[in-house]
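Residue numbers (my numbering): 15 to 470.
C-beta: ideal position from N, C-alpha, C; glycine also.
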């Protein structure tokens with residue numbers, strides 16, 4: 015796991031997020047202005063520069079793998095350390111293919127082609143799973159790890175190659191270059207740094223949360239991890255997907271008509287409505303029926319019903335800020351389309367400071383004040399993070415006022431969604447009471463199924 019974590023962090027930093035935030039607005043704006051030739055030149059220059067930078071990064075990663083492993087996992091020694099170094103060296107080239115795949119994603123999204131770029135990661139997953147299934151039986155743990163690492167690199171290459179023909183077709187041809195001149199390429203380079211730092215803040219925040227949880231009794235880190243797995247599902251599925259769809263559209267409109275405040279604001283508000291429709295029920299389920307979700311996903315073997323309830327409390331506390339946190343994934347797209355990557359970074363940094371300060375205080379002193387076991391402090395940590403998400407949302411929303419006005423989500427619409435979600439939770443609990451079973455699968459099917467029917 016440690017070997018996979020090091021390249022994954024770098025891929026998250028240099029991949030879709032930072033590249034999309036800097037490249038898509040410029041490329042889409044040129045398309046919207048009808049300047050396809052200049053857009054093609056910018057795409058070629060970005061691809062060339064990206065290939066050079068990523069190539070150097072991969073080389074440095076392979077050469078410095080021993081030092082990276084010692085930095086991230088100082089407790090590893092002997093064969094365990096050597097295996098981790100070997101795995102890191104195998105995995106690093108995969109970063110290059112994944113980042114180049116993110117360039118393809120940027121091109122395809124700008125042309126309104128979303129399916130292939132988001133279906134391509136399935137190839138990556140299938141490659142790893144198929145390889146491990148074939149080689150795994152009878153193989154040692156070290157052998158399986160090495161094979162899985164090689165499969166991950168092969169999957170990364172396939173993920174890139176699957177998208178490449180469509181990206182070439184959308185571009186109408188491509189000439190790679192290292193051209194660093196021209197205002198558009200300079201803008202991509204200038205905005206890449208703040209976008210990278212914004213993602214870096216998120217990575218640091220996640221690491222700090224884990225560090226704080228590690229100071230609590232045994233089980234807190236595992237509970238936090240399991241809750242984060244569930245929490246990030248609606249954020250990724252609904253928040254990030256809507257943001258990815260809106261970014262090129264807002265940039266295209268800016269290129270075609272300039273900055274039209276009403277049009278920009280309406281696109282943001284439309285995105286907020288779509289996000290709210292899916293995230294409000296997600297938050298309601300996590301807060302009111304979280305034990306069913308945690309039990310259905312994790313409960314087996316040594317993971318008990320009590321563990322599911324523990325994850326539920328952590329997840330419910332985090333879900334206080336789920337809607338705000340998901341909105342906060344959408345708002346940066348508006349800033350990126352406007353060419354502003356600094357504001358999202360500054361607000362994200364403020365959010366991390368607030369979440370860390372309040373989270374540590376709540377985790378350390380909250381249980382004693384409430385008279386509960388210290389392990390419940392991790393719920394205070396996630397609650398602080400959720401509340402900090404509301405601060406981030408409100409500041410970003412206010413900052414947009416100077417550009418396009420304050421985006422509004424109709425109060426009546428939001429109240430109807432909240433009412434339907436609350437009613438769904440109440441009906442689900444009624445059904446759970448009536449059926450009386452304690453088996454997790456029947457409980458989950460009955461409770462979550464009832465909620466879905468009532469909400470829809």
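{"Query": "Determine the extent of the alpha helix (DSSP H) in which residue 52 is found, giving its start and end residues.", "Result": "50-77"}
{"Query": "Going along the chain, which unbroken runs of the alpha helix (DSSP H) with 4 or more residues stay wholly within the segment 352-406?", "Result": "356-384"}
{"Query": "Can you have a look at residue 422 and say buried or exposed, based on whether 16 or more other CB atoms are within 10 angstroms of its CB?", "Result": "exposed"}
{"Query": "Hey, residue 209 and residue 413: beta-carbon distance below 7 Å or not?", "Result": "no"}
{"Query": "Looking at C-alpha atoms only, which residue of 361, 469, 197 and 446 is the closest neighbour of residue 346?", "Result": "361"}
{"Query": "Just to confirm my understanding: we take residue 388, look at its own chain, exclude 5 residues before and 5 after, and list those with CB closer than 7 Å. What are they?", "Result": "230, 231 and 381"}
{"Query": "Going by DSSP, what residue range makes up the alpha helix (DSSP H) through residue 422?", "Result": "Looking at the DSSP string, residue 422 is not in any alpha helix (DSSP H), and its letter there is neither H nor E."}
{"Query": "Does the segment 32-50 come within contact of the segment 161-175, defined as at least 3 CB pairs closer than 8 Å?", "Result": "no"}
{"Query": "Could you check whether residue 111 and residue 76 sit closer than 7 Å to each other, using their CB atoms as the reference points?", "Result": "no"}
{"Query": "Using the beta-carbon count (16 or more within 10 Å), is residue 54 buried or exposed?", "Result": "buried"}
{"Query": "What separation, rounded to the nearest whole angstrom, lies between the Cα atoms of residue 364 and residue 326?", "Result": "28 Å"}
{"Query": "Using C-beta distances below 8 Å, list every residue in its chain close to residue 266, excluding the 5 sequence neighbours before and after it, in chain order.", "Result": "42, 43, 45, 46 and 124"}
{"Query": "Rounding to the nearest angstrom, what Cα-Cα distance links residue 356 and residue 410 in this structure?", "Result": "12 Å"}
{"Query": "If you drop the 5 nearest sequence neighbours on each side, which residues of the same chain put their C-beta closer than 7 Å to that of residue 446?", "Result": "457, 460 and 461"}
{"Query": "Do the segment 59-69 and the segment 288-308 touch if we need at least three Cβ pairs shorter than 8 Å?", "Result": "no"}
{"Query": "Name the two residues that bound the continuous alpha helix (DSSP H) containing residue 95.", "Result": "92-124"}
{"Query": "So what does DSSP say about residue 197, is it helix, strand or coil?", "Result": "helix"}
{"Query": "Less than 7 Å separating the beta-carbons of residue 465 and residue 434?", "Result": "no"}
{"Query": "Less than 7 Å between CB atoms is the rule here; does residue 329 satisfy it with respect to chain B?", "Result": "The question asks about chain B, but that chain is absent: this structure has only one protein chain."}
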